[in-house]
Amino acid sequence: MANKNHQEQLRNYAQAVVKVGLNLRVGQRLIITNAAARGVPPAARPLVYEIAKAAYAAGARYVEVIWGDEEMLRIRLQNAPADSFGEYPKFHISAVMDMIKNGDALLSISANDPDVFAGLDAERVGALQKSHLQNNQEIGIQVSRNAVNWCVVAAASPAWAAKIFPDLKPDEAEEKLWRAIFETTRATQPDSVAAWMEHIQNLGKRGKYMQAKKYTALHYKAPGTDFTLGLPQGHRWVSARMPAENGVDFTANMPTEEIFTLPDRHRAEGTVTATFPLSYGGNLIEGFIVTFENGRIVKVTAKKNEAILQKLIDTDEGSTRLGEVALVPASSPIAQRGHLFYNTLFDENASCHIAIGRAYRFTLTGGEELNDEEFIAAGGNVSLNHVDFMIGSPQMDIDGIQEDGSREPVMRQGEWAFEV
Amino acid sequence: MLTKYADVVVKVGLNLRNDQRLSIRGIIEDAPFIRKVTESAYKAGARYVDVLWADEPSARIRLEHADFETLTEVPEWTLSRFEEYYKRGDAELAISSSNPDLLNGIDPERIAISRKARLEKLVEPLRKYENVSNWCVVATATPSWAKKVFPNLPVEEAQARLWEAIFNVCRIDVPDPVSAWKDHTEKLEKYKDYFNAKNYSALQYKAPGTDLTIGLPKNQVWNGAQESFKNGITCTVNIPTEEVFTAPHKDKADGVVTASRPLNLLGTLVEDFTVTFENGRAVKVIAKKGEDDLRKLIETDENAVRLGEAALVPNSSPISQSGIQFYNTLFDENAASHIALGSAYRSSIKGGEDMTDEEFAANGGNKSLIHTDFMIGSGKMDVDGICEDGTREPVMRDGEWAFDV
């Protein structure tokens, strides 16, 4: 695995994360973590080391890594007393909040096992998940307003690789996953930073086009899907580059192929069929269909883990409504790989998707300045959750609906229906 | 065997109470053992087990790559995360399995400045929690440490050998480890009681390269094996432990002492060294390897040149008998009599926990940012106890106890 190519691409990847994703400034501190696993899984060590070196070379003042072990969460769920799931290591919150208040940078590295909680009691998993969401609420709010430059990336891990490539030997599966990560994050290109800047520009053009159109709604049609989603006034289409409140332009996800905005929390009608399984809180929800009325989820069915999906929706009022709508062509480089990643960071960039729960404040013009009531009145959604699920496919058509009711094609058969 | 070891750590080392929380400090390589301890802790009724993971290569990367001026950075929450646990009276397990060569080749200046900042901003503010709740220090056989101990073996074999040695000297490879530990701690209690009754005014150490006299405070307290904490729990704070110890008087050490084992100074090794004391102060150090690191250590602050611990360990201790040089203080200090540069434990002086710094110093207790043990005992060491009237009694002869309890 430690061949020369691999090391070189790992370094290219780390460069892109530090220079493009975070766009780390001289004198900034950097904290690296992974909230869902209560810390960065140790499998990410080789990537963390290259990122730390690149960060110090870029003038970072301090790099902190909060490590975590998913197996510890499993042991806890199996053995800890039922009334103890509210216990939470407070410094995981205070450390990140301290960084945010100080204008420092945040990086999350995902390497999670999609099946880490498979077979465990749904009640206990739900209790642990809820306490996790409540404890992280304050961080979620700050991230949702882009208080500082932040980024989410991934590293291969044995458990995750085995889930994607169950027929390969462990070493081969892991190497294959690394290669998929390197290729989709442009780390295989000699100048990964330049390749990213070009990609960012191209996505930006799509966003500009949609922004100029000011559609009031989108209409989705595909097998099992006939669905209309309202877009509120002042909705802002966002893509790979955003300004943070600390003045740094950054790219929040690597990879990223989407342009996205917020839907109107009161306007969603019809039925959508998920086109990918959803990895949520250590379980996979598969074969599910969601029906909406007046923006609310009124019915869900799933072939697998319906109870977990129901628990997610029952979290709070905002979890019955939508907070993101994102467009990704079916020909995206991630979709082209032809396999699932069982990881939202990748799967959401293979397909059009929508998200249950919280809307990002920055997707509404002036949204950062509104209180919760005002944001809700403007059509924004507020929730502990923000869970993307995939609905796109090469069979999907999307129309944009203008204020006067006229329609224009936005996507046909999963591809962009307009030139930029 | 790992499960038995975890049970001993939870039952004997921590004496974990039902519904107590436990925080564990370890490195990523400790994960297999930490998971076992966690299972064992939950079985013993733990409410919540949390781990503060450290990563050695990350620490090295910072020392190598960060700007010099930034090496003193210690974020406030690195302190508050410990306070969160101590203030609640949670149990704490520290796992000490560091790679003895981790910081090889790094500029001692960079190591020293970052260590001092950590000591000032983290270790010193936390010292007031020393007696609050039950804690314990243990080790696991990590690959890099095992490779240092058994350099000629392939790494897996080295690791297996080191585990075997740990299980042996920690009394895990016996049919009933918990009762073996009960016998052992009872025995150590008797030696401790003997010294507390004697209340010697000084100890004189004689061995090849060593002739050192250390004065002891009038209000000295000898401790060993078990400690009691303010949360009402008594437990065995080190596994293994073979020592009884007290505080030397900070102004009373005279003579020369030669280290009998290398010293692992958080990732750099100091070897073949001699320290000369006058009126309690180390006035001269010579080392074949790591002399700069040793000198930097005693320059940490004013009292880093004075002693804070004198501990007696017979040469027949299982760790010494294993013949293994562990390059890890937790083990090496239990292979040989040792002394420590730097702070004295408050519990080593009668009423010390409730004294001000001035009172503690007036009683002979030393206060410094550092507390670094180094080994001086061997099969050739004689130790005399000197009574208040100047009479002498043999305490150790040829490295063994010279009295019965």
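Chains as they are written, first to last, in the working numbering: chain A, 1 to 420; chain B, 1001 to 1405.
Every residue, glycine too, gets a C-beta built ideally from N, C-alpha and C.
A quick note: this is a predicted structure, and the numbers were derived from the prediction, not measured.
Review point. Hey, is A:Gly39's beta-carbon within less than 8 angstroms of any beta-carbon in chain B?
Key: At least one C-beta of chain B is nearer than 8 angstroms to the C-beta of A:Gly39.
**Study point:** A:Gln201 versus A:Ala240 - alpha carbon distance
**Key:** So the alpha carbons of these two residues sit roughly 8 angstroms apart.
Point to revise | C-alpha distance - B:Val1305 paired with B:Ser1343, whole-angstrom precision | key: Whole-angstrom Cα-Cα distance: 10 angstroms.
Check your understanding: Do B:Ile1349 and B:Val1221 have their C-beta atoms closer together than 8 angstroms?
Key -> Cβ atoms of B:Ile1349 and B:Val1221: closer than 8 angstroms.
Review point. Can you give, in chain order, each stretch of the alpha helix (DSSP H) that sits fully within the stretch 1048–1098 of chain B and has at least 4 residues?
Key: For the stretch 1048–1098 of chain B, whole alpha helix (DSSP H) runs of length 4 or above, ordered along the chain, are 1056–1065, 1076–1088.
Check your understanding: Does DSSP classify B:Gly1379 as helix, strand or coil?
Key -> B:Gly1379 falls in the coil class under three-state DSSP.
Review point. Between B:Arg1025 and the rest of its own chain, which residues show a CB-CB distance below 8 angstroms, the 5 nearest in sequence each way excluded?
Key: Non-local C-beta neighbours of B:Arg1025 in its own chain, meaning closer than 8 angstroms and more than five positions away in sequence, comprise Val1051, Leu1052, Ala1054, Glu1092, Leu1093, Ala1094, Ile1095, ordered along the chain.
**Study point:** Beta-carbon proximity list for B:Val1270, same chain, < 7 angstroms, skipping 5 on both sides
**Key:** So the qualifying residues of the chain are Pro1262, Leu1263, Ala1287, Lys1289, Gly1290, Asp1293, Leu1294.
Exercise for review: Report the residue ranges of all beta strand (DSSP E) runs contained in full by the stretch 1340–1404 of chain B; include only those spanning at least 3 residues, in chain order.
Suggested key: Within the stretch 1340–1404 of chain B, the complete beta strand (DSSP E) runs of at least 3 residues are 1371–1375, 1382–1386, 1392–1397.
Check your understanding: Could you check where the alpha helix (DSSP H) with B:Pro1116 kicks off and where it finishes?
Key -> Inspection of the sequence shows that residue 1116 of chain B is occupied by Lys rather than by Pro. Secondary structure note for B:Lys1116: its alpha helix (DSSP H) is the uninterrupted segment 1108–1118.
**Study point:** Cα-Cα separation between A:Ser383 and A:Ile376, rounded to whole angstroms
**Key:** Near 11 angstroms, if we compare the C-alpha coordinates of A:Ile376 and A:Ser383.
Review point. The beta strand (DSSP E) with A:Lys303 in it runs from where to where?
Key: In the DSSP annotation of this structure, the continuous segment of the beta strand (DSSP E) that includes A:Lys303 starts and ends at 296–304.
Review point. Does the stretch 1003–1012 of chain B touch the stretch 1040–1048 of chain B, meaning 3 or more C-beta pairs lie closer than 8 angstroms?
Key: Result yes; three or more Cβ-Cβ pairs closer than 8 angstroms.
Check your understanding: DSSP state of A:Ala212, grouped into three classes?
Key -> In this structure, A:Ala212 counts as helix in the three-state DSSP scheme.
Point to revise | Residues of the stretch 1319–1333 of chain B with Cβ closer than 8 angstroms to any Cβ of chain A, in chain order | key: The residues in question: there are none.
Point to revise | Same chain, Cβ closer than 7 angstroms to A:Thr344, five either side skipped, listed in chain order | key: Cβ neighbours of A:Thr344 beyond the five flanking positions: Ser279, Asp388.
**Study point:** Simplified DSSP state of A:Thr501, which is helix, strand or coil
**Key:** Outside the shown range of chain A (1 to 420) lies residue 501 of chain A, about which nothing can therefore be said.
Point to revise | Beta carbon proximity, A:Arg337 to chain B, threshold 8 angstroms | key: Cβ-Cβ to chain B under 8 angstroms: no for A:Arg337.
Exercise for review: Helix, strand or coil for A:Met1, going by three-state DSSP, please let me know.
Suggested key: Because A:Met1 sits at a pLDDT of 49, beneath the cut-off of 50, its placement in the model cannot be relied upon, and the point is left open.
Point to revise | Own chain residues within Cβ distance below 7 angstroms of B:Pro1125, not counting five before or after | key: The answer, listed in chain order, is Leu1079.
Practice item. Measure the alpha-carbon distance for B:Thr1234 versus B:Glu1227 and round it to whole angstroms. Key: One C-alpha to the other measures close to 5 angstroms.
Check your understanding: Can you list the residues of chain A that B:Ala1066 reaches, using a CB-CB cut of under 7 angstroms?
Key -> Residues of chain A passing the Cβ test: Tyr56.
Check your understanding: Can you name, in chain order, every residue of its own chain whose Cβ lies under 6 angstroms from the Cβ of A:Met1, other than the five neighbours on each side?
Key -> Unreliable placement is indicated for A:Met1, whose pLDDT of 49 sits below 50; the coordinate value is still reported in the next sentence. Hits under 6 angstroms: Glu175.
**Study point:** Beta-carbon proximity list for B:Thr1142, same chain, < 6 angstroms, skipping 5 on both sides
**Key:** Closer than 6 angstroms at the Cβ level, and outside the excluded window around B:Thr1142, lie Glu1029, Ser1097.
Exercise for review: Mind reading off the beta-carbon distance from B:Cys1136 to B:Val1237? Whole number of angstroms is fine, and I expect it under 8 angstroms.
Suggested key: Taking C-beta atoms under 8 angstroms as the contact rule, B:Cys1136 and B:Val1237 qualify, at a distance of about 5 angstroms.
Review point. Roughly how far, in whole angstroms, is the beta-carbon of B:Ser1201 from the beta-carbon of B:Ile1376, given that I think they are within contact range, below 8 angstroms?
Key: Not quite, the Cβ-Cβ distance comes to about 20 angstroms (not below 8 angstroms), so this is no contact.
**Study point:** Amino acids of chain A, ordered along the chain, whose beta-carbon sits closer than 7 angstroms to that of B:Thr1038
**Key:** Listed along the chain, the chain A residues whose CB falls inside 7 angstroms of the CB of B:Thr1038 are Met72, Ile75.
Practice item. May I ask you to report which of helix, strand or coil DSSP gives B:Lys1250? Key: Here B:Lys1250 sits in coil by DSSP.
Practice item. Locate the beta strand (DSSP E) running through A:Phe85, then write down its first and last residues. Key: That residue, A:Phe85, is in no beta strand (DSSP E); it is neither H nor E in DSSP.
Check your understanding: Taking the continuous beta strand (DSSP E) assigned at B:Arg1025, which residues delimit it?
Key -> Note, B:Arg1025: beta strand (DSSP E), 1021–1027.
Review point. What's the call for B:Thr1391, buried or exposed, on a 16-neighbour Cβ count within 10 Å?
Key: So B:Thr1391 counts as exposed.
Point to revise | Buried versus exposed call for B:Phe1068 [16 or more other C-beta atoms within 10 Å across all chains shown] | key: Exposed is the label assigned to B:Phe1068, since fewer than 16 other Cβ atoms lie within 10 Å of its Cβ.
Exercise for review: Just the chain A side, please: which residues come within less than 9 angstroms of B:Tyr1042 by C-beta, in chain order?
Suggested key: Within 9 angstroms Cβ-Cβ: Ile75, Arg76, Gln78, Asn79, Ala80, Pro81.
Practice item. Note down, in chain order, all residues in the stretch 1207–1230 of chain B with a beta-carbon under 7 angstroms from any beta-carbon belonging to chain A. Key: Cβ contacts with chain A: none found.
Review point. Is A:Ala54 helix, strand or coil by DSSP?
Key: In the structure shown, A:Ala54 sits in a helix (DSSP, three-state: H, G or I).
Exercise for review: Whole angstroms is fine: what's the gap from A:Gly437's alpha carbon to A:Ala147's?
Suggested key: Nothing about residue 437 of chain A can be read from this structure; chain A reaches only from 1 to 420.
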